[in-house]
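Peer 1:
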Amino acid sequence: MTLATAPRRSTAPAADRPARPRRDLGAWFLVLPALLPILVLSVGPLLYGIGLAFTDAQSGRTQATRFVGLLNFSDLFQDSLFWDSFRIGLIWAFGVTVPQFLLALGLALLLHLDLRLRWLARALAIIPWAMPEVVVGIMWRLVYHPDAGILNETLRGLGLSGADGRDWLSGPATALPAVIVVGVWAGMPQTTVTLLAGLQNVPRELHEAASMDGAGAWRRFRTVTWPALRPIALAVTALNFIWNFNSFALVFVLTDGGPGGRTRLPMLFAYEEAFRYGQFGYAATMGLAMVAVISVLLAVYLAGRLKGDDDR
Amino acid sequence: MSAGERTGDSRRGDTRRGEGRGGTPRRYAPARRAATRTGQYAALLGYLVFLAFPFLWLLSTAFKPPRELGSMHPTWVPEAPTLENFRQAFAQQPLSVAAANSLLAAAVSALLAILLATPMAYALARFRNRLSRAATGWVVISQAFPLVLVIIPLFLILKGLHLVDSRIGLIMVYVVWSLPFALWMLTGYVRAVPRELEEAAAVDGAGRFRTLVSVTAPLLAPGIVATALFAFITAWNEFFFALVLLKSPEKQTLPVVLTHFLGAEGVADLGPLAAAALLATLPSLLLFAVIQRRITGGMLAGAVKN
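Those protein sequence lines, which keep their order, are chains B and H.
With the first letter of the first sequence counted as 1, position 123 gets the number 124 in the working numbering; the numbers rise by one all the way through.
With the first letter of the second sequence counted as 1, position 184 gets the number 185 in the working numbering; the numbers rise by one all the way through.
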């Protein structure tokens, strides 16, 4: 996970000059083993992928791939299914990121206190983090299962028999909220741990001073905790949004985009387009459209981040 | 983050109030404090339930006999717990082969990632220049773009090299994929090693290489191990690349094979499904429990103090 890159002090002082060429050579020697694979299998493919968005590349076709300019983009603009999935992606990303942040903040504040059972909460909070996403999806399918699931049984126990036999994941109205709950659950630990670290950086003296001045819990949070936590909170939220918008495995396992495309996140759509229908060029265009949204968010994140640095 | 750590909020503040130094009027304090504590425990309990119940349900389902799974009123604790689901799981899908594939891909890619990343992380931490800034930028960007934009070209490249549907191809992808994170963590660990130690060794006449091997490496070892285990877990859990790149059932990794239990119409044999999912999760849970503190510590060092 990467959260922050504050601006760095620039290179060595001028007095070092004569020694520099050798040092830099040494640095290259250290860097190349990792740099080459990154260039060949990460930077290269990314550029290649951007290029593919302007071609009619398809899988298993005999004719040569042609450059088609912006044709894919104009197709994409008219592809209402894609815009549906885009909308669903945004709902999903907001729907997961915001409650996830609020819940994680609550948990972080609790774990920061001197409570019993705190160790248990910490241990449990690790589980969703360490689990394969596929298992998280399977696990929640067992929870949501219409007959054998614990959710409906619990609702029955509470006297809400309307839920009998209800299949949350295949109901048109309930599918998206149901997968959003899973998304919140799965991503909470990382956010909690990050916020907890942020809390530990909040100067305790300030807290105590505010407490002595008679500030209540809420005022202390607003005037002391939150200002110190804000840069981290902003960073973690922006990155969570990006990850959530790009997510795949969880919803693939839970609903595979169903029912009737109601949980078809953009990544699921692009995956189908590329690897079920073989439309490589068009799927790459979708990827690029997703990048556009993400770049805007990233810009917001970086701007906020820089502002946060100025505040200090 | 030690367990016994006390935080600013609670007792000390109240003692001071008790001394009459102002703040909340004294007579309200104890009742309010008790109410707050109760509220806090209630909230914590809510979190515990929310975090634990899906996992407990998975655990319970994995040990239930078919009769109980078919019941319209499922119970939390299996009445007649059985290992039958585990046997069934292995009979239905090639789980041991899949586990071996996952183990191979995760272990080899973690090892390679560490071998490649450690020198670079050292360089990034010790020489701050344009390259290190570019690398840090790349780490951020690489976390942000949608994988589909990379997987299509990767698929085409690997196909050209006849490495689609090959474990080697998958391992190559995993190595590169785990490099940004490995770099991120390792750079943090290198920064934590005081430069003065290296300089002292240099003054004593050790060359750069000897300094690295005899001074820096031993201090880095715990961080390297943590990073390697984390890379292992990430590859062990990975799904998307494996789904796209591996077609032959005998080459597929555990997460991909797990989805075969779901069946075509989402009709699943719940018991074996739960049993297999539980087995697939155990290694990463165990390893994560071992390195948890280091991971969060290393990550946070980068995130907070960078």
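Positions of the beta carbon are idealized from the N, C-alpha and C atoms, including for glycine.
Do you know offhand how far arginine 123 of chain B's Cα is from threonine 66 of chain B's?
Peer 2: In the first sequence, residue 123 of chain B corresponds to position 122, counting from 1. In the first sequence, residue 66 of chain B corresponds to position 65, counting from 1. Taking C-alpha positions only, arginine 123 of chain B is separated from threonine 66 of chain B by approximately 53 angstroms.
Peer 1: For glycine 50 of chain B, which residues in chain H fall below 7 angstroms Cβ to Cβ?
Peer 2: Within the first sequence, the letter at position 49 stands for residue 50 of chain B. By Cβ distance, chain H contributes Leu150, Val151, Ile153 and Pro154.
Peer 1: Should isoleucine 292 of chain H and alanine 107 of chain H be called a contact, given that it needs their Cβ atoms to be closer than 9 angstroms?
Peer 2: On the second sequence, residue 292 of chain H is found 291 positions in, with the first residue counted as 1. On the second sequence, residue 107 of chain H is found 106 positions in, with the first residue counted as 1. No; because the gap between Cβ atoms is not below 9 angstroms, this pair is not in contact.
Peer 1: Just checking: is the beta-carbon of glutamine 41 of chain H within a distance shorter than 9 angstroms of some beta-carbon in chain B?
Peer 2: As a working note, residue 41 of chain H is residue 40 in the second sequence. True, the Cβ-Cβ gap to chain B drops below 9 angstroms.
Peer 1: Distance cutoff 9 angstroms, beta carbons only. Does isoleucine 92 of chain B sit that close to anything in chain H?
Peer 2: Taking the first residue of the first sequence as 1, we reach residue 92 of chain B at position 91. Cβ-Cβ to chain H under 9 angstroms: no for isoleucine 92 of chain B.
Peer 1: Residues in the region 89-108 of chain H with C-beta within 7 angstroms of chain C's C-beta atoms, listed in sequence order?
Peer 2: This model lacks chain C altogether, as its protein chains are B and H.
Peer 1: For a contact defined as C-beta to C-beta under 7 angstroms, what are the partners of alanine 250 of chain B on chain H?
Peer 2: Mapped onto the first sequence, residue 250 of chain B falls at position 249. Within chain H, the residues near alanine 250 of chain B are Phe240 and Phe241.
Peer 1: Would you verify that the beta carbon of proline 228 of chain B is, or is not, closer than 9 angstroms to some beta carbon of chain H?
Peer 2: The residue given as residue 228 of chain B occupies position 227 in the first sequence. Closer than 9 angstroms: no.
Peer 1: Flag aspartate 57 of chain B as yes if its beta-carbon sits less than 9 angstroms from any beta-carbon of chain H, otherwise no.
Peer 2: Along the first sequence, read from residue 1 onward, the residue named residue 57 of chain B stands at position 56. Taking Cβ atoms only, chain H never reaches closer than 9 angstroms to aspartate 57 of chain B, which makes this a no.
Peer 1: To the nearest angstrom, how far is it from the Cα of leucine 298 of chain B to the Cα of leucine 110 of chain B?
Peer 2: Walking along the first sequence from the start, residue 298 of chain B turns up at place 297. Walking along the first sequence from the start, residue 110 of chain B turns up at place 109. Each residue's Cα considered, the two are about 27 angstroms apart.
Peer 1: Quick one, which residues of the region 96-124 of chain B are near chain H if we go by CB-CB under 7 angstroms, in chain order?
Peer 2: Gly107, Leu108, Leu111, His113, Leu114, Asp115, Leu116, Leu118, Trp120, Leu121 and Ala122
Peer 1: State the DSSP-derived secondary structure class of alanine 300 of chain B, mapped to helix, strand or coil.
Peer 2: Locating residue 300 of chain B in the first sequence gives position 299, where the first residue counts as 1. Correct three-state label for alanine 300 of chain B: helix.
Peer 1: With DSSP collapsed to three states, give me the class of phenylalanine 289 of chain H.
Peer 2: The count along the second sequence starts at 1 and reaches residue 289 of chain H at position 288. Note: phenylalanine 289 of chain H maps to helix in three-state DSSP.
Peer 1: Taking C-beta to C-beta, are leucine 125 of chain B and valine 185 of chain B nearer than 9 angstroms?
Peer 2: Reading the first sequence from its first residue, position 124 is the one you call residue 125 of chain B. Reading the first sequence from its first residue, position 184 is the one you call residue 185 of chain B. No, the pair does not count as a contact, with Cβ atoms beyond the cut-off.
Peer 1: Starting from histidine 74 of chain H, find everything on chain B with Cβ-Cβ shorter than 7 angstroms and list it in chain order.
Peer 2: Start at 1 with the first residue of the second sequence, and residue 74 of chain H comes out as number 73. The contacting residues are Glu154.
Peer 1: Return the first residue and the last residue of the alpha helix (DSSP H) that phenylalanine 240 of chain H is part of.
Peer 2: For the purposes of this step, residue 240 of chain H is identified with residue 239 of the second sequence, where counting begins at 1. Taken as a continuous stretch (DSSP letters only), phenylalanine 240 of chain H belongs to no alpha helix (DSSP H), as it is neither H nor E.
Peer 1: Just to confirm, is the Cβ distance from leucine 245 of chain B to valine 97 of chain B under 9 angstroms?
Peer 2: Taking the first residue of the first sequence as position 1, residue 245 of chain B is located at position 244. Taking the first residue of the first sequence as position 1, residue 97 of chain B is located at position 96. It should be noted that the sequence gives asparagine, not leucine, for residue 245 of chain B. In this structure, valine 97 of chain B lies closer than 9 angstroms to asparagine 245 of chain B by Cβ.
Peer 1: Within 9 angstroms (strictly less), CB to CB, does glycine 184 of chain B reach chain H?
Peer 2: As a position in the first sequence, residue 184 of chain B is number 183, starting the count at 1. No, its Cβ sits nowhere closer than 9 angstroms to a Cβ of chain H.
Peer 1: DSSP puts threonine 264 of chain B in a beta bridge; with which residues?
Peer 2: Taking the first sequence and counting its residues from 1, the one referred to as residue 264 of chain B is at position 263. Answer is none; threonine 264 of chain B lacks a bridge partner.
Peer 1: Output yes if chain H places a C-beta closer than 9 angstroms to the C-beta of alanine 284 of chain B; else output no.
Peer 2: In the first sequence, counting from the first residue as 1, residue 284 of chain B sits at position 283. It does: the Cβ of alanine 284 of chain B has a partner Cβ on chain H nearer than 9 angstroms.
Peer 1: Mapping DSSP to helix, strand and coil, what is threonine 56 of chain B?
Peer 2: Start at 1 with the first residue of the first sequence, and residue 56 of chain B comes out as number 55. Three-state result, threonine 56 of chain B: strand.
Peer 1: Compile a chain-ordered list of the residues in the region 64-85 of chain B whose CB is closer than 9 angstroms to at least one CB of chain H.
Peer 2: none
Peer 1: Give the range of the alpha helix (DSSP H) segment to which tyrosine 175 of chain H is assigned.
Peer 2: Looking up residue 175 of chain H in the second sequence gives position 174. Start and end: 168-193.
Peer 1: Assign arginine 294 of chain H to one of three DSSP states: helix, strand, or coil.
Peer 2: For the purposes of this step, residue 294 of chain H is taken as residue 293 along the second sequence, with counting starting at 1. In this structure, arginine 294 of chain H counts as helix in the three-state DSSP scheme.
Peer 1: Note down, one range per segment and in chain order, each alpha helix (DSSP H) of at least 4 residues found wholly within the region 31-95 of chain B.
Peer 2: 45-53 and 72-79
Peer 1: Compare the C-beta of alanine 229 of chain H against all C-beta atoms of chain B and say whether one is closer than 9 angstroms.
Peer 2: Along the second sequence, one-based indexing puts residue 229 of chain H at 228. Not closer than 9 angstroms to any Cβ of chain B, the Cβ of alanine 229 of chain H fails to qualify, so no.
Peer 1: If you follow the alpha helix (DSSP H) that valine 149 of chain H is in, where does it begin and where does it stop?
Peer 2: Start at 1 with the first residue of the second sequence, and residue 149 of chain H comes out as number 148. Valine 149 of chain H -> alpha helix (DSSP H) spans 149-161.
Peer 1: Which residue comes first and which comes last in the alpha helix (DSSP H) that contains serine 133 of chain H?
Peer 2: On the second sequence, residue 133 of chain H is found 132 positions in, with the first residue counted as 1. Counting along the chain, the alpha helix (DSSP H) containing serine 133 of chain H begins and ends at 131-145.
Peer 1: Check whether the Cβ of proline 178 of chain B lies closer than 9 angstroms to any Cβ atom in chain H.
Peer 2: As a first step, residue 178 of chain B must be located in the first sequence, where it is residue number 177. No, proline 178 of chain B lies away from the interface with chain H (no Cβ there is under 9 angstroms from its Cβ).
Peer 1: Alpha helix (DSSP H) containing phenylalanine 91 of chain H: first to last residue?
Peer 2: Taking the first residue of the second sequence as 1, we reach residue 91 of chain H at position 90. Run containing phenylalanine 91 of chain H: 85-93, per the alpha helix (DSSP H) assignment.
Peer 1: What is the rounded straight-line gap between the Cα of proline 95 of chain H and the Cα of leucine 271 of chain H?
Peer 2: Position 94 of the second sequence, counting from 1, holds the residue named residue 95 of chain H. Position 270 of the second sequence, counting from 1, holds the residue named residue 271 of chain H. Rounded to whole angstroms, the gap between the alpha carbons of proline 95 of chain H and leucine 271 of chain H is 17 angstroms.
Peer 1: Of the residues that make up the region 248-276 of chain B, which ones have a beta carbon closer than 7 angstroms to any beta carbon in chain H?
Peer 2: Phe249, Ala250, Val254, Met268, Ala271, Tyr272, Ala275 and Phe276
Peer 1: Whether or not the region 211-224 of chain B and the region 164-183 of chain B are in contact is what I'm after, with contact meaning three or more pairs of Cβ atoms, one per stretch, closer than 8 angstroms; do they touch?
Peer 2: no
Peer 1: Using only the alpha-carbon positions, how far apart do threonine 25 of chain H and isoleucine 233 of chain B sit?
Peer 2: For this step, residue 25 of chain H is matched to residue 24 along the second sequence. For this step, residue 233 of chain B is matched to residue 232 along the first sequence. Below a pLDDT of 50, predicted positions are generally treated as unreliable, and threonine 25 of chain H, at 46, falls in that range; the measurement from the model is reported next regardless. Those two C-alpha atoms are separated by around 31 angstroms.
Peer 1: Any Cβ of chain B within less than 9 angstroms of the Cβ of phenylalanine 64 of chain H?
Peer 2: Here the question's residue 64 of chain H lines up with position 63 in the second sequence. Closer than 9 angstroms: no.
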